[in-house]
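Trainee: From first to last, the protein sequence lines stand for chains X and B.
Under the numbering used here, residue 368 is the last one in the first sequence; the count climbs by one each step, no gaps.
Under the numbering used here, residue 501 is the last one in the second sequence; the count climbs by one each step, no gaps.
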Amino acid sequence: MSCSNLPVCRDTSSLSFGSFLNPFRPPHNATPNNPSRSSSVTPIHCGLRELRERIDSVKNTQKITEAMKLVAAAKVRRAQEAVVNGRPFSETLVEVLYNINEQLQNEDIDVPLIKVRPVKKVALVVVTGDRGLCGGFNNNIIKKAEARIAELKTLGLDYTIISVGKKGNAYFLRRPYIPVDRFLEGGSLPTAKEAQTIADDVFSLFVSEEVDKVELLYTKFVSLVKSDPVIHTLLPLSPRGEICDVNGVCVDAAEDEFFRLTTKEGKLTVERDVVRTETASFSPILQFEQDPVQILDALLPLYLNSQILRALQESLASELASRMSAMSNATDNAMELKKNLSIVYNRQRQAKITGEILEIVAGADALV
Amino acid sequence: MTLNLCVLTPNRIVWDSEVKEIILSTNSGQIGVLPNHAPIATAVDIGILRIRFNDQWLTMALMGGFARIGNNEITILVNDAEKSSDIDPQEAQQTLEIAEANLRKAESKRQTIEANLALRRARTRVEVINAIS
């Protein structure tokens, strides 16, 4: 849905559509700063008909933004469902990984995915959205990626990008000097298939020793109004089932976190639950069909996959949440603009009527 | 004694009910599991899972993962699982041909790794349809 199909007001001398569309883009405008804007508005000089046209078009825009907001809200709920559906899997996985780990504590293991090599080249997986009109969401994550690239450059390391999402693809295509390994598109709802494609790519890059480290850049969903672009080290995986961010802060995988959309006093709110997965101990008579190392070898790709899937889901949730708030702001702005325009319109109409009456009275006076 | 099978993928629960017997392709060959099996943990290869359910055999394509058997509960964690009835034979056959062509074309080490994985997945999907049950 783009704004180009809206009736565009031709008169752009004062209070143009540009200034109205602005709040879609910069994230700072997300806070309500209506008073300052309405004070900066130049007086509206327009004929009655232009005013009427403009009021109509603002009305249409408001309807569209309102609808987009509602659609985004509904989709957030679907995204949340997807996270909930994946829980039995991730819970069992974490449990098994934890147990196997305990068994492997004292063994010297050699699994390709956890091998730490001296880093020469880093692959960055950048997860962006497929659509715009969602505030600073795509911009923020791309900026984060640019910052990371600059960092790697100063460290003298080589890098390559795996771009996920149409917006990121467009951005990197326009900048041919950034080496991009592969462009991928995220779907409307991330599934294991998308995660698998990314995982395969990352896996082969890492195992063939083309890159020595893989980092995942995505937007972490904190709440409906807050989401943070973060960097996660994807590979090499640490055998403890821990994931570390760039600063080496480890997040325990046994701490499963997911968000829940609830309604509080008629308004949508989001709660983030932290569930400490109970790690029940294996029965001591459990036998390993293969070497524990082989089993770890089978488990780690699964773990890699579920990490990527989680990141995709979080990114989608953040995108939808940020679209929701952007559209909500746009609706508010449209309402404000409509109000101002209506006042000017009514005043002009009144002035015109008064003028006409004066003319008639003056004419009648002249006759007497 | 009954045996409970639970097949989990990151997306959803594919199977969660009682079964009579299963045959699972593990990294060290196929194993059959009947009720009261000894508790074991095993890596699951990309391959076929056969399930005896209500005295008929069903097949399912498993895309690699892990299985835990114990206490008459089987938990299988896989990246992806497809029931044979959900696979389109023509599409699967085409994917297999594309995968074979890709492997022949592969030059670098990395491309070979990728093509091999894709080929094994595609082959399993075709085998699942053709499996005599």
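Think of the CB as a built atom: it goes at the ideal place given N, C-alpha and C, for glycine as much as any other residue.
(1) If we define contact as Cβ-Cβ less than 8 Å, is X/Ala79 a contact residue for chain B?
(2) What do you get for X/Lys75, buried or exposed, if any count of 16 or more other CB atoms within 10 angstroms of its CB means buried?
(3) Helix, strand or coil: which one does DSSP assign to B/Arg436?
(4) To which residues of the same chain is X/Ala362 closer than 7 Å at the C-beta, ignoring the five residues directly before and after it?
(5) From which residue to which residue does the beta strand (DSSP E) around B/Asp423 run?
(6) List, in chain order, every chain X residue whose beta-carbon is nearer than 8 Å to that of B/Gly415.
(7) Taking CB distances under 8 Å as the criterion, tell me whether B/Leu445 reaches chain X.
(8) Which value, in whole angstroms, describes the spacing of the CA atoms of X/Lys213 and X/Thr233?
(9) How about B/Leu426 and X/Pro88: do their beta carbons lie closer than 8 Å?
(10) Let me know if B/Thr370 comes out buried or exposed under the rule of 16 or more other beta-carbons within 10 Å of its beta-carbon.
(11) Restricting to Cα atoms, I'd like to know which of X/Ser315, X/Gln350, X/Ala170 is closest to X/Leu48.
(12) Between X/Gly168 and chain B, is the shortest Cβ-Cβ distance under 8 Å, so that the two count as touching?
(13) Closest Cβ-Cβ distance between X/Thr61 and chain B: below 8 Å?
(14) For X/Ile114, decide whether its Cβ has a neighbour in chain B, counting only Cβ atoms nearer than 8 Å.
(15) So X/Lys167 and X/Thr128 are supposed to be a Cβ contact under 8 Å. How far apart are they, rounded?
(16) Does any residue of chain B have a CB that is nearer than 8 Å to the CB of X/Ser163?
(17) How is B/Met431 classed by DSSP in three states: helix, strand or coil?
(18) Going by DSSP, name the residue or residues bridged to X/Leu217.
(19) Do you know whose CA, among B/Asp413, B/Gly397, B/Leu471, B/Ala490, lies nearest B/Ile455's CA?
(20) Is there contact between the stretch 395 to 414 of chain B and the stretch 327 to 335 of chain X, where contact requires at least three CB pairs shorter than 8 Å?
(21) List the residues of chain X whose Cβ lies closer than 7 Å to the Cβ of B/Arg478, in chain order.
(22) To the nearest angstrom, how far is it from the Cα of X/Ile360 to the Cα of X/Leu70?
(23) Nearest chain X C-beta to B/Asp448 closer than 8 Å, yes or no?
(24) Note down, in chain order, every chain X residue with its Cβ under 8 Å from the Cβ of B/Asn404.
(25) Could you tell me if the beta carbon of X/Lys226 falls within a distance shorter than 7 Å of some heavy atom in the ligand GDP?
(26) Would you mind giving the Cβ-Cβ distance between X/Val164 and B/Arg436, rounded to the nearest angstrom? I have them listed as a contact below 8 Å.
(27) Around the C-beta of B/Pro378, are 16 or more other C-beta atoms found within 10 angstroms, so that it is buried, or is it exposed?
(28) For chain B, is any of its Cβ atoms less than 8 Å away from the one on X/Glu278?
(29) Per DSSP, what kind of secondary structure is X/Gly86 in: helix, strand or coil?
(30) On the DSSP bridge assignment, give the partners of B/Arg418 in chain order.
(31) Which residues, in chain order, does the stretch 182 to 203 of chain X contribute to contact with chain B at a C-beta distance below 9 Å?
(32) At the level of alpha carbons, what is the spacing between X/Pro118 and B/Ile381?
(33) Residues of chain X with CB closer than 8 Å to the CB of B/Ala411, please, in chain order.
(34) The stretch 376 to 406 of chain B: which residues have C-beta closer than 7 Å to a C-beta of chain X, in chain order?
(35) Are the stretch 185 to 192 of chain X and the stretch 213 to 225 of chain X in contact at 8 Å, needing three or more beta carbon pairs?
(36) Kindly list, in the order they appear in chain X, the residues whose Cβ is closer than 8 Å to that of B/Phe421.
Mentor: In short, the structure shows the following:
(1) no
(2) Around the beta-carbon of X/Lys75, 16 or more other beta-carbon atoms lie within 10 Å, marking it buried.
(3) strand
(4) Non-local C-beta neighbours of X/Ala362 in its own chain, meaning closer than 7 Å and more than five positions away in sequence, are absent.
(5) It is not in any beta strand (DSSP E) - B/Asp423 carries neither H nor E in the DSSP assignment.
(6) Correct list: empty, because the minimum Cβ distance to chain X is about 12 Å.
(7) yes
(8) 8 Å
(9) no
(10) exposed
(11) X/Gln350
(12) no
(13) no
(14) no
(15) Confirmed, Cβ separation roughly 4 Å.
(16) Output row for X/Ser163: interface = no.
(17) In the structure shown, B/Met431 sits in a strand (DSSP, three-state: E or B).
(18) X/Val126, X/Ile231
(19) B/Ala490
(20) no
(21) Ser204, Leu205, Ser208, Glu210
(22) In this structure, the alpha-carbon of X/Ile360 lies about 52 Å from that of X/Leu70.
(23) yes
(24) Under the 8 Å cutoff, chain X gives no residues; its nearest Cβ is about 13 Å from B/Asn404.
(25) In terms of ligand content, the structure shown is empty, and the ligand GDP therefore cannot be addressed.
(26) Going by Cβ atoms, the distance from X/Val164 to B/Arg436 rounds to 32 Å, so no, they are not a contact pair.
(27) With a 10 Å radius around the Cβ and a threshold of 16 neighbouring Cβ atoms, B/Pro378 comes out buried.
(28) Confidence is the limiting factor: at X/Glu278 the pLDDT is only 48, short of 50, which leaves the residue's position unreliable, though a coordinate-based value still follows. Judged by the 8 Å Cβ criterion, X/Glu278 is not in contact with chain B.
(29) coil
(30) B/Ile391, B/Thr427
(31) Thr191, Ala192, Lys193, Ala195, Gln196, Ala199, Asp200, Asp201, Phe203
(32) 40 Å
(33) Glu289, Gln290, Gln294, Ile295, Asp297, Ala298, Leu299
(34) Leu376, Thr377, Pro378, Asn379, Arg380, Ile381, Thr394, Asn395, Ser396, Ala406
(35) no
(36) The premise fails here: B/Phe421 is roughly 20 Å from chain X at the closest Cβ pair, so nothing lies under 8 Å.
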